[in-house]
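Report on one structure; see the data block that follows.
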Amino acid sequence: MNNENNIRQNATSTEKLVMYALLTAIVVVLQLLGSFIHFGVFSINLALVPIIIGAAIGGPLAGAWLGLVCAIVILARDSGAFLAVNVAGTFVTVLVKGILSGLLAGCVYKLLCGKDRLLAVIAAGITCPVVNTGVFLIGCRVFFLEQIKEWGFSSIWKYMVMGIGMNFVVELLINLVLSSVIVRLIDIKLNKKY
């Protein structure tokens, strides 16, 4: 009986490892593909969707891991203008926004999933881009305000609305539209039937 429990536990661990590996690969691919789609100044972050799925299925730490992976791809591919201004500020801003967006989406989902899974996914789907964009704006204010002014934006608020406003709205809408799909994926993972 003990050997049977060990086999089940190992199978579950293997399933989780495979799921996290697949979600990690999807985050990388979507972030790379998303870098070609621009709304406003910045490319859209399509990787927020698998981050939310991972945060919901695997918990806050899985969300943080996937956010970190997304941040690493952003640093490697999309951060040139900011790296030229302040390397440390770019690393801090991008890593913190990635990790916190996944971590907090997972916390919000975990907090609400016992009441209503759709509500939990919608709340996590709102949390992820809000934290991602919010931390980015804080980083811009702290590390890059003078450069933003040189780019022609007189304030961080103008930069937020004109520079990244449309980008944020598109990311938020994608998460909200896909919320029901995300719930179905979670239910499949939990072996629920329709």
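In this note's numbering, the protein residues as written are 249 to 442.
Just so it is clear, CB atoms sit at the ideal spot from N, CA and C, and this is done for glycine as well.
TODO: May I ask which residues mark the beginning and end of the alpha helix (DSSP H) holding residue 333?
DONE: Going by DSSP, residue 333 is part of no alpha helix (DSSP H) at all; its letter is neither H nor E.
- [ ] Return the Cβ separation of residue 373 and residue 311 in integer angstroms, given the expectation that the two are a contact with Cβ distance under 8 Å.
- [x] Your pair residue 373 and residue 311 does not check out as a contact, with CB atoms roughly 12 Å apart and the cut at 8 Å.
Task: As assigned by DSSP and simplified to three states, the class of residue 284 - done: coil
Open item on the list: Using C-beta distances below 6 Å, list every residue in its chain close to residue 253, excluding the 5 sequence neighbours before and after it, in chain order.
Closed with: Per-residue confidence for residue 253 stands at a pLDDT of 49, beneath the threshold of 50, marking its modelled position as unreliable; no derived number is given.
Open item on the list: Rounded to whole angstroms, what is the Cα-Cα separation between residue 341 and residue 396?
Closed with: 15 Å
Open item on the list: Would you call the region 327–344 in contact with the region 377–397, where contact means no fewer than 3 C-beta pairs closer than 8 Å?
Closed with: Three or more Cβ pairs drawn from the region 327–344 and the region 377–397 lie within less than 8 Å of each other, which places the two stretches in contact.
Open item on the list: Contact defined as beta carbons within less than 8 Å: I believe residue 302 pairs with residue 268. What is the distance between those atoms, to the nearest angstrom?
Closed with: 7 Å
TODO: Pick helix, strand or coil for residue 314, following the three-state DSSP scheme.
DONE: Shown here, residue 314 sits in a helix according to DSSP, grouped into three states.
Open item on the list: Quick check on residue 435: does DSSP put it in helix, strand or coil?
Closed with: helix
Open item on the list: Taking 7 Å as the threshold (C-beta atoms), are residue 366 and residue 297 in contact?
Closed with: Taking 7 Å as the Cβ cut-off, residue 297 and residue 366 do not qualify as a contacting pair.
Task: Candidates 318, 300, 382: closest to residue 282 by CA position - done: 318
- [ ] Give the single residue among 293, 371, 275 whose Cα lies nearest to the Cα of residue 414.
- [x] 293
Open item on the list: Between residue 349 and residue 307, how many whole angstroms is the CB-CB distance? I'm expecting something under 8 Å.
Closed with: The Cβ separation is near 15 Å, so there is no contact.
Open item on the list: Tell me which residue opens and which closes the alpha helix (DSSP H) that residue 391 is part of.
Closed with: 365–391
Task: Straight-line gap, residue 321 to residue 300 (C-alpha atoms, nearest Å) - done: 17 Å
Open item on the list: The alpha helix (DSSP H) that contains residue 415, what's its start and end?
Closed with: 413–425
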